[in-house]
Amino acid sequence: MQKSIIFIIFLLFRIGDGNENCPQIIGRSEWADVDAKSINYLIIPIPYVIIHHTVTAECDTRSTCIAQAENIRSYHMDSNGWDDIGYSFLIGGDGNIYEGRGWNREGAHTIGYNKKSVAIGFIGNFQEKAASDKMLNAAHKLIHCGKSEGILRADVRVIGAKQVTATKSPGSQLQKQIRNWPEWVSTP
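Residues -18 to -1, 1 to 170 (mature numbering (1 follows the signal peptide of the UniProt record, and there is no 0)) are what the sequence shown spells out, left to right.
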């Protein structure tokens, strides 16, 4: 009887952990009070992940990263007039992943690729400075999660936004870093 109870408790903890292939993602409801004005859905599996930098102040704590995420959302929606934050996810200097539009919603980040990609925005400016290992590891875990869940194609292609549109994003230093990723491609 005691072994049965222990086994049931073990199962409950395993089920409660969620997918072990996926990192914790700070849900949009935890940092944003505003919903999207409209939603278009992506066709799964998604073939591309596009890396951006936000060209904003960096953040290194959950509270400062939440403040930056809200500032970005406000700029995109209130100043640019977009339906939502442009990015699918944000990566903070604290190593946390912040949900933007999420996995299955079309973004507003890279003209010509919004309908077929997920955008990961690294909070900060990575033109002159490299992204931290914490940030890079969070992005790797997020991409692995998307692949293991079948949301991203198994052969997903990672590119910097500057490879397909006239922008400096994700910044020279972050672009150099992503070139070492196994999913990075030079030509989409």
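All C-beta atoms in this analysis are idealised placements derived from N, C-alpha and C, irrespective of residue type, glycine included.
- Short check: CB of N107 to CB of V37, under 8 Å? yes
- Item | Assigned secondary structure, S151 (DSSP; H/G/I helix, E/B strand, else coil) | coil
- Item | Residue span of the alpha helix (DSSP H) that contains L118, given as start and end | 115 to 130
- Enumerate in chain order the residues of its own chain whose CB-to-CB distance from M117 is below 7 Å, with the five nearest sequence positions on each side excluded. I73, G75, G77, F104
- Task: Please name the residue in S11, D137, G68, I102 whose C-alpha comes closest to that of I48.
- Result: S11
- Going by C-alpha distance, which of A101, R135, V167 is nearest A121? A101
- Find the nearest neighbour of A148 within the set G94, Q159, H126, judged by alpha-carbon distance. G94
- F(-9) to C4, Cα distance in whole Å? Unreliable positioning characterises F(-9) in this predicted model, as indicated by a pLDDT of 34, which lies under 50. A coordinate reading is not provided.
- By Cβ distance, which residues of its chain are closer than 7 Å to V146, with the 5 residues on each side in sequence left out? T92, G94, Y95, P170
- Selection from G89, R44, A143, Y69 that minimises the alpha carbon distance to Q6: R44
- Sequence-distant residues of its chain with Cβ nearer than 8 Å to K158 (five each side left out): A112
- Query: Any idea if V16 is buried or exposed, counting beta-carbon neighbours within 10 angstroms, 16 or more meaning buried?
  - Reply: exposed
- Item | Proximity below 8 Å, CB of S70 to CB of R83 | yes
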